[in-house]
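Asker: Going letter by letter, the sequence shown gives residues 1 to 211 in my numbering.
By construction, the Cβ of each residue, glycine as well, lies at the ideal position given by its N, Cα and C atoms.
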Amino acid sequence: MIIAIDGPAAAGKGTLARRIADHLGLAYLDTGLLYRATGRRVLDAGADPDDATAAETQAKSLDPADLDRDDLRTEDVAQAASQVSAIPGVRAALLDFQRRFAAEPPEGTAGAVLDGRDIGTVVCPDAAVKLFVTAEMEVRAERRFKELQEKDPDVIYARVLEEMRARDARDQSRSVAPLEPAKDAVIVDTSRLDAEQVFQNALQIIDRSRC
Ligand code: DC
Numbered sequence: 001m002i003i004a005i006d007g008p009a010a011a012g013k014g015t016l017a018r019r020i021a022d023h024l025g026l027a028y029l030d031t032g033l034l035y036r037a038t039g040r041r042v043l044d045a046g047a048d049p050d051d052a053t054a055a056e057t058q059a060k061s062l063d064p065a066d067l068d069r070d071d072l073r074t075e076d077v078a079q080a081a082s083q084v085s086a087i088p089g090v091r092a093a094l095l096d097f098q099r100r101f102a103a104e105p106p107e108g109t110a111g112a113v114l115d116g117r118d119i120g121t122v123v124c125p126d127a128a129v130k131l132f133v134t135a136e137m138e139v140r141a142e143r144r145f146k147e148l149q150e151k152d153p154d155v156i157y158a159r160v161l162e163e164m165r166a167r168d169a170r171d172q173s174r175s176v177a178p179l180e181p182a183k184d185a186v187i188v189d190t191s192r193l194d195a196e197q198v199f200q201n202a203l204q205i206i207d208r209s210r211c
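#1: Measuring alpha carbon to alpha carbon, tell me which residue in Ala166, Gly39 and Thr121 is nearest Asp50.
#2: If you follow the alpha helix (DSSP H) that Gly14 is in, where does it begin and where does it stop?
#3: Applying the 10 Å Cβ sphere with the 16-neighbour rule, what's the burial state of Pro8?
#4: Which one or two residues does DSSP pair with Gly116 in a beta bridge?
#5: Check Val139 in the structure and name its three-state DSSP category.
#6: Between which two residues does the beta strand (DSSP E) harbouring Ala27 extend?
#7: Leaving out the 5 sequence neighbours to the left and right, which residues in its chain are closer than 6 Å to Ser85 when beta-carbon positions are compared?
#8: Please name the residue in Arg192, Tyr28 and Gln83 whose C-alpha comes closest to that of Ile47.
#9: Out of curiosity, what's the CA-to-CA distance linking Arg165 and Ala141?
#10: Does the count of Cβ pairs from the region 23-37 and the region 108-126 closer than 8 Å reach three?
#11: Check Asp189 in the structure and name its three-state DSSP category.
#12: Residues in its own chain within less than 6 Å of Ala81 by CB, not counting five upstream and five downstream?
#13: Can you name, in chain order, every residue of its own chain whose Cβ lies under 6 Å from the Cβ of Ala296, other than the five neighbours on each side?
Take a look at the structure:
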């Protein structure tokens, strides 16, 4: 069983995907980490994340250990990830890994949950369940702001909102695999729901799709 969870930044898809995977005993892949690790490597190499050749080279030489780095969750890496993810050669280089993970999940689980931007549309178009998890921009920016504030009390809300707006716009307007719901995806708006409500909601959708 493959469950595809897509949506914009800070909509709650990672939390949901992890809980569903745990609950159903499925493997979990946060595909954003592949793009973040690529962006991180490009920055480390002193290159420009918009440079297609540099970004493709880094995507092709990605190592599983790169996904375990503890410096992938910063805002500059998020922006670099969004930039490299608009480059077709980068997406092509990372596609195979994602599809193999879904087809042959590690530890022989009966399936996998993948979250990202194009899982239901491109990576796993035949997924049994497709959720598009979203929330109002201001709600998402507020959530990200609170997260960042725990590490850095000087973080500025207006800046977080602006960066999120820019990232969403780039992810939605790129020519390859733009962020958009698959035609058969169920939209889950988390603006006024807590994590538990989102989880229960998703379980009902999954149950319905199994009947
Ligand atoms: O989910 P995230 O915030 O970690 O993703 C970081 C960036 O990676 C996001 O802005 C766009 C890109 N991405 C993508 O293009 N396709 C995916 N399946 C996952 C992430």
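Answerer: By the coordinates alone:
#1: Looking at the Cα atoms, Gly39 is the closest of the given residues.
#2: Residues Lys13 to Leu24.
#3: Around the beta carbon of Pro8, a 10 Å sphere encloses 16 or more other beta carbons of the protein chains shown; the residue is thus reported as buried.
#4: DSSP output for Gly116 lists Asp6 as bridge partner(s).
#5: Three-state result, Val139: helix.
#6: Looking at the DSSP string, the run of the beta strand (DSSP E) that includes Ala27 is Ala27 to Asp30.
#7: Counting only Cβ-Cβ distances below 6 Å, and skipping sequence neighbours, we find Tyr35.
#8: Position check: residue 47 holds Ala in this sequence, whereas Ile was assumed. Relative to Ala47, the option among Arg192, Tyr28 and Gln83 whose CA is nearest is Gln83.
#9: Cα to Cα, Arg165 sits roughly 9 Å from Ala141.
#10: Yes, the region 23-37 touches the region 108-126.
#11: Assignment of Asp189 by DSSP, reduced to helix, strand and coil, places it in the strand class.
#12: Contacts found: Tyr35, Arg36 and Gly39.
#13: The question about residue 296 has no answer, for the chain in this structure spans 1 to 211.
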